[in-house]
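Residues -28 to -1, 1 to 671 in mature numbering (1 follows the signal peptide of the UniProt record, and there is no 0) are what the sequence shown lists, from first letter to last.
We put the CB at the ideal spot given by N, CA and C, even for glycine.
Single-structure report; data block below.
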Amino acid sequence: MSLRTELRDKVPRMLALCLLSLAWLSEGSQRSEPMFTAVTHQLLPPDYDSNPTQLNYGVAVTDLDADGSFEIVVAGYNGPNLVLKYDKARGRLVNVAEDEHSSPYYALRDRPGNAIGVTACDIDGDGREEIYFLNTNNAFSGMATYTDKLFKLRNGRWEDLLSDEVNRDVASRFAGRSVACVDRTGSGRYSIYIANYASGKVGPHALLEMDVAASDPARGIVVLVDVAAQAGVSKYTGGRGVAVGPILSDSASDIFCGNENSPNFLFHNRGDGTYRDVAAVVGLDDPYQHGRGVALADFNRDGRVDIVYGNWNGPHRLYLQAGAPGRIRFRDIATPKFSMPSPVRTVIAADFDNDQELEVFFNNIAYRGSSANRLFRLIRREHSDPIIEELNPGDALEPEGRGTGGAVTDFDGDGMLDLILSHGESMAQPLSIFKSTQGAGNNWLRVVPRTRFGAFARGAKVVLFTRRSGAHLRIIDGGSGYLCEMEPVAHFGLGRDEASSLEVTWPDGRVLVRAVASSETNSVLEVPYPRDTEKPPVPTLLETPTSVLSSPLFAPGRSPSASTPMAGTAAAATNAALVASSPMRMAQHVWARDRSTVPTLQPRTEAPALPPHRWLHRLDPVPCACWFGLSHVCFSSSLCPGGATPAEEAPPSPAGESPLGLFFNFLTLLFGVGPCSVFQPVSWRTLPINYTLSICWLG
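Okay, here's the thing in structure tokens:
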């Protein structure tokens, strides 16, 4: 056999190996730098009072005493529920739900109850959140032997509303899992969605809310009713994780429920507080898996709400929302590493290092052997799916941890999200606290929207517009995770960028737009409910070009109107400030305002200036010479067609599209030298130069 024939036979093998190398690199390898360090022994040392070794489950974050700082509420199963507050003087978390009858928090301990799910929201419109604990008391499904608890601060103490005579008939006695908060009508008063675990026709999902006509909150009288049937969510299934927010709706709260042994639910709010399950229609039903933790986020920054969730010992999902209004579909982009089955419990999506890229944390339970937690970063790319990079969780790996829940919040006010993990089920273990080791110098902004009553606006949508990197979307989730509820804050990591403006959309459709000054960087912004308009205001579209107005991405027959004024003088002043601070805002990112359609992001009409750390966020096959298995590094983009200069991002240049590419294709046939899959890596964050790494194997 001639050398030419032998080399020609090796070409398919070479190309296959190049493609395999490209696939491996596109997922990213686990970084060596640990993301988290354990601070449990400094902030919450295991002890009998504040961090007992017991079975713990769900975790929720709220402000129980209305002092402006958050408390962490933990559902205790074979021990008391915990209410952890950060004591600045002592520099640690302490349990304020003391074992003292004189304590106003004493009832929250509920020692006889075996709680697993917990959520917090304002159900009666008094401006303070109530706490709901879902108790199972050893029942897996169907009937339980102990009722759930719904605690309200009344007469200076936390008391159970479900123990009131008027509410005993609606108190749930069914075994369930997650609970979440839903403002289904946009009233500012929340309903409690209870994902019960049915046994046959015993234990449907419930939706408890206050009967406004029969109640008198000022006198402490709150009458509860179950409206699940009339709302369209009374289902018999194995309910697990729940997330709440404007998933398909522009503003109204939709409900996603991951189920076990049956298809998932995606309840789309019709706009009147009733729901229709559209999970199968949009591709989220996943009928043969067993859902657990879930989180809502915009992973590719297209202005749509995406969904990530874990399946128990099944493939984990990362669904991006796509399609035109009326034809929405969710597309799973999870890579093999990301989707790798595990005994997953909760799932968290957050920016732990404040670098503008979201991380996804999978909290696993050591089930029939070790099962470490996992962490991934999603790196946004223009006009392409995000790169999924596996990270090193550091101390949060916990291979022997019996993970049952977790949440994030910034309890010490340093602008970095802290990770709290609970453990239990198969072994009693104390809580764990972790802090990020990376990104301490990055900018950040935390936004806290309020309801018309002054409580946290769970279910609200917050969009932050930055000076260099465009728009970032966050949902104040009324549920999330598994058995858990995250903090009621839109946390934005900014890297070296700064915010220029923000937009908050409430569940009733009201919208507030305000400028963000440079001096407000690295701070917490409280956003009150807008009261200066009779109807939800429609912001004026700023400098909307004709090309955007005619974009097919808008719903047919609907274009944004550049002439619609913002109502009220305050809104007009805000609009003027926005024009001065961010004149390209609406030209770059325009969402539809019609509540009957799904919000759609319009394409940029001109490329904005990109910060240095966003030059190359994609994989492009470009022709580079590799000789007999030796790879090389191109330190100048001019050496490889398809490279990019620091000033602009060049379009992909696949091998064969240029004369040089044709030349290399010719060399391939003759000598086995030709196009290689070129990886433009993401680990260049620490490098001041742009480079590409070409990998080739001639075997």
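Run through DSSP, which three-state label would residue i get?
{"i": "residue 683", "result": "As displayed, the chain neither begins before -28 nor continues past 671, which places residue 683 out of reach and without an answer."}
{"i": "residue 394", "result": "strand"}
{"i": "residue 225", "result": "coil"}
{"i": "residue 207", "result": "coil"}
{"i": "residue 252", "result": "helix"}
{"i": "residue 490", "result": "helix"}
{"i": "residue 731", "result": "Residue 731 is absent from the model: the chain starts at -28 and stops at 671."}
{"i": "residue 293", "result": "strand"}
{"i": "residue 72", "result": "coil"}
{"i": "residue 113", "result": "coil"}
{"i": "residue 439", "result": "coil"}
{"i": "residue 137", "result": "helix"}
{"i": "residue 369", "result": "helix"}
{"i": "residue 524", "result": "Below a pLDDT of 50, predicted positions are generally treated as unreliable, and residue 524, at 27, falls in that range; the measurement from the model is reported next regardless. In this structure, residue 524 counts as coil in the three-state DSSP scheme."}
{"i": "residue 26", "result": "strand"}
{"i": "residue 32", "result": "strand"}
{"i": "residue 189", "result": "helix"}
{"i": "residue 201", "result": "helix"}
{"i": "residue 388", "result": "coil"}
{"i": "residue 234", "result": "coil"}
{"i": "residue 180", "result": "strand"}
{"i": "residue 448", "result": "coil"}
{"i": "residue 63", "result": "coil"}
{"i": "residue 329", "result": "coil"}
{"i": "residue 269", "result": "strand"}
{"i": "residue 21", "result": "coil"}
{"i": "residue 95", "result": "coil"}
{"i": "residue 358", "result": "strand"}
{"i": "residue 277", "result": "coil"}
{"i": "residue 679", "result": "Because residue 679 is not part of the residues shown, which for the chain are -28 to 671, the question remains open."}
{"i": "residue 246", "result": "coil"}
Name the one or two DSSP bridge partners that residue i has.
{"i": "residue 364", "result": "6"}
{"i": "residue 404", "result": "393"}
{"i": "residue 427", "result": "Beta-bridge pairing links residue 427 to no other residue."}
{"i": "residue 463", "result": "418"}
{"i": "residue 130", "result": "125"}
{"i": "residue 316", "result": "336"}
{"i": "residue 159", "result": "For residue 159, which the question treats as bridged, DSSP gives no partner whatsoever."}
{"i": "residue 216", "result": "227"}
{"i": "residue 284", "result": "314"}
{"i": "residue 381", "result": "390"}
{"i": "residue 498", "result": "420"}
{"i": "residue 304", "result": "291"}
{"i": "residue 322", "result": "331"}
{"i": "residue 145", "result": "Partner(s): none; residue 145 has no beta bridge."}
{"i": "residue 173", "result": "BP columns for residue 173 are empty, so no partner."}
Taking the continuous alpha helix (DSSP H) assigned at residue i, which residues delimit it?
{"i": "residue 80", "result": "78 to 81"}
{"i": "residue 308", "result": "308 to 311"}
Just to check, is the beta-carbon of residue i closer than 8 Å to a non-hydrogen atom of the ligand SAH?
{"i": "residue 194", "result": "The ligand SAH is absent from the structure shown, which contains no ligand whatsoever."}
How would you label residue i, buried or exposed, when you count the other beta carbons within 10 angstroms and need 16 or more for buried?
{"i": "residue 91", "result": "buried"}
{"i": "residue 355", "result": "exposed"}
{"i": "residue 20", "result": "exposed"}
{"i": "residue 132", "result": "buried"}
{"i": "residue 112", "result": "exposed"}
{"i": "residue 128", "result": "exposed"}
{"i": "residue 216", "result": "buried"}
{"i": "residue 244", "result": "exposed"}
{"i": "residue 184", "result": "exposed"}
{"i": "residue 7", "result": "buried"}
{"i": "residue 173", "result": "exposed"}
{"i": "residue 288", "result": "buried"}
{"i": "residue 372", "result": "exposed"}
{"i": "residue 498", "result": "exposed"}
{"i": "residue 110", "result": "exposed"}
{"i": "residue 74", "result": "exposed"}
{"i": "residue 233", "result": "exposed"}
{"i": "residue 298", "result": "exposed"}
{"i": "residue 482", "result": "buried"}
Which two residues bound the contiguous beta strand (DSSP E) that contains residue i?
{"i": "residue 125", "result": "121 to 126"}
{"i": "residue 48", "result": "43 to 48"}
{"i": "residue 103", "result": "102 to 107"}
{"i": "residue 472", "result": "471 to 477"}
{"i": "residue 455", "result": "Here residue 455 belongs to no beta strand (DSSP E), and DSSP marks it neither H nor E."}
{"i": "residue 346", "result": "346 to 353"}
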